[in-house]
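With my numbering applied, the sequence shown covers 19 to 431.
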Amino acid sequence: GGSDADDNATVVIDASRMILYLQGGPGFGCAAPVSGLSLASSKSSWASSALFGDITNLDGKTFERVVLMDQRGTGRSSPIEKRRLEKMFPDMFLSDDDDENDTMRVERAVGEATEYLAKFRADSIVRDAEWIKDALVAGSSSIEDDDDDNTSPPHPQPWGAALGQSFGGFCLMAYLSSVAHPPEMCLFTGGIAPMNTPVREVYGRLWKRVEERNRMYYERYPGDVALVKRIARLLEDESRGEPVRLPSGGILTTRRFLQLGMGLGGTPGVAFANLHSIVSSAFLDDDDDELSVAFLKRIDYEQSFDDAPLYFLLHESIYADGPASGATEWAAHASNQLSPTPQFDYLLTSKDDDAPVLFYGEMVFPWMAEGDFAELSGNGMRMLSQALAKKGDWTSLYDATNMRAALHGSDNG
């Protein structure tokens, strides 16, 4: 061991040699190092490439630290679950067990919870990232605190780099828009916010992309056309009497089953194979209609929204860029209702021997709070989700002028 002096020596952390990781979502925590993010070799993950020197900062120096930040409300950052909301806003859940309740108390609690969760978006996440960096780096001060009596000017030391995966890319755009000294290098992996595009138009285009992905999937696994249709017919069979209960307490409806299509947006080889493996495990035997326990458990595992309700509650709000965007109003659901596409009507396609039953994409729906997902359901959660869908006074997330200035190396303020 070293001397006491060595043990007490101050470790100097250089912000320019740290890379920040912004997780996809919203609502999910970061993968754990080693177990969920391999560091075995320089090629085993993006993080190992950074630490082994395959990726360097703008000065050509290797990164010394990878910061895996659990965004607020996820992982170990005071995760938002239904139980936490019940503790924070108990009045919101008064009507879950009793329809006779104080309506004013319930509505007040729903309003308070709505405004609370509005602070869990990208603009707040990047501010958290700045606070974390300033806490790690001696002398760094990027954000002025209105409550701080210290009048010394900020002394910014930007991150050497930040990598945004999916929703993390949206966060990077908020970083470039709202922080005067954003990361020196921004790496986007599949997440670019569609600025200046109405949210219903975004989802209208997405439905077409999802249809295309379904066609690609069934071309890869043509035998799944009949298998998926068989599952849908079983779930729609009213003669069964009781709904199919999942281990989590939720109900496996056809519409929930089709949400497995969220994964189709990934790399086709891996994403398609994963969905195929789930579908292939559906029945206990080939010659009967009993669903296997392994299949039901896999559904719960793949659809972890009970554990991460922020995804359901805030997903569409990531497209709400300021008051001009207006309320999201369940845009994915509404865009399909306004321009119905029979290809996605499983009540029709499950009965048609020729048309495949199409999976849904990365979307959320109001019916997710109607019993399909146990932890998302109940009057309290349903009213909260509706209030967030109707909220129209969202803060602005993106600023094209600031982003342009940051990308050109100018000081944007």
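The beta-carbon is built from N, C-alpha and C at its ideal position, and this holds for glycine as well.
Item to check | Buried or exposed (CB count within 10 angstroms, at least 16 for buried), residue 37 | outcome: With a threshold of 16 other beta carbon atoms within 10 Å, residue 37 meets it and is buried.
Checklist entry - Cα-Cα, which of 236, 365 and 357 is closest to residue 224? => result Closest by C-alpha distance to residue 224, out of 236, 365 and 357, is 357.
Item to check | From 252, 140 and 322, residue whose alpha carbon lies closest to that of residue 188 | outcome: Check the Cα spacing between residue 188 and each of 252, 140 and 322: the tightest is with 140.
Item to check | Assumed close pair residue 96, residue 89 - CB separation to whole angstroms, cut-off 8 Å | outcome: About 11 Å; that fails the 8 Å criterion.
Next on the checklist: Is the beta carbon of residue 262 closer than 8 Å to that of residue 333?
Outcome noted: No, they are not a contact pair.
Next on the checklist: I'd like the list of long-range same chain contacts for residue 330, defined as Cβ closer than 6 Å, with 5 residues on each side in sequence excluded.
Outcome noted: These residues qualify, in order along the chain: 323, 382, 386 and 394.
Checklist entry - Who are the near neighbours of residue 338 in its chain, counting only those whose CB is closer than 6 Å to its CB and skipping five residues on each side? => result Cβ neighbours of residue 338 within its own chain (closer than 6 Å, five residues either side excluded): 346 and 412.
Next on the checklist: For residue 126 and residue 328, what's the separation of their Cα atoms in angstroms?
Outcome noted: Taken atom to atom, the span from the alpha-carbon of residue 126 to that of residue 328 is near 20 Å.
Checklist entry - Do residue 96 and the ligand NAD come close, with the Cβ less than 7 Å from some heavy atom? => result Absent from the structure shown: the ligand NAD. Ligands present: none.
Checklist entry - Whose C-beta lies closer than 8 Å to the C-beta of residue 368 among residues of the same chain, with five residues either side of it excluded? => result Here the set comprises 247, 250, 251, 254, 272 and 375.
Item to check | Whole-angstrom C-beta distance between residue 194 and residue 182, which should lie under 8 Å | outcome: Your pair residue 182 and residue 194 does not check out as a contact, with CB atoms roughly 10 Å apart and the cut at 8 Å.
Next on the checklist: Is it buried or exposed, residue 152, if we count other Cβ atoms within 10 angstroms and call 16 or more buried?
Outcome noted: Burial call: buried.
Checklist entry - Going straight from the alpha carbon of residue 21 to that of residue 102, what length do you get? => result Low per-residue confidence applies at residue 21: pLDDT is 45, beneath 50, and the placement is therefore not dependable enough to give any value.
Next on the checklist: For the region 407-425 against the region 302-313, do three or more pairs of beta-carbon atoms, one drawn from each stretch, fall closer than 8 Å, so that the two count as touching?
Outcome noted: Because the criterion of three Cβ pairs below 8 Å is not met, the region 407-425 and the region 302-313 do not touch.
Item to check | Straight-line gap, residue 92 to residue 372 (C-alpha atoms, nearest Å) | outcome: Taking the straight line joining both Cα atoms gives about 43 Å.
Checklist entry - By DSSP, does residue 40 sit in helix, in strand, or in coil? => result Residue 40: strand per DSSP, three-state reduction.
Checklist entry - Tell me which same chain residues have a C-beta within less than 6 Å of the C-beta of residue 112, skipping the five on either side of it? => result Taking residue 112 as the centre and dropping the five residues before and after it, the same chain places the C-beta of 119 and 124 closer than 6 Å to its C-beta, in chain order.
Checklist entry - Looking at C-alpha atoms only, which residue of 403, 215 and 321 is the closest neighbour of residue 135? => result The closest CA to that of residue 135, considering only 403, 215 and 321, is found on 403.
Item to check | Backbone CA spacing between residue 142 and residue 149 [nearest angstrom] | outcome: If you take the alpha carbons of residue 142 and residue 149, they lie about 11 Å apart.
Checklist entry - For residue 48, which beta-bridge partners are listed by DSSP? => result DSSP lists no beta-bridge partner residue for residue 48.
Checklist entry - residue 291 lies in the alpha helix (DSSP H); which residues open and close that run? => result Boundaries of the alpha helix (DSSP H) around residue 291: 286-298.
Next on the checklist: Short of 7 Å in beta carbon distance, which residues of its chain neighbour residue 286, apart from the five on each side in sequence? Order them along the chain.
Outcome noted: Answer for residue 286: 234, listed in chain order.
Checklist entry - Should the region 348-357 be called in touch with the region 412-424, which here means at least 3 C-beta pairs below 8 Å? => result Taking a contact to require three or more Cβ pairs closer than 8 Å, the region 348-357 and the region 412-424 do not qualify as touching.
Next on the checklist: Spatial neighbours of residue 56 within its chain, please: C-beta separation below 6 Å, excluding the five flanking residues on both sides.
Outcome noted: Cβ contact annotation for residue 56 (same chain, cutoff 6 Å, sequence separation greater than five): 62 and 63, in chain order.
Checklist entry - Within this structure, are the beta carbons of residue 76 and residue 203 separated by less than 8 Å? => result Yes, the Cβ-Cβ distance between residue 76 and residue 203 is below 8 Å.
Next on the checklist: Distance check for residue 154 and residue 192, CA to CA, integer angstroms please.
Outcome noted: Residue 192 and residue 154: Cα-Cα distance of roughly 22 Å.
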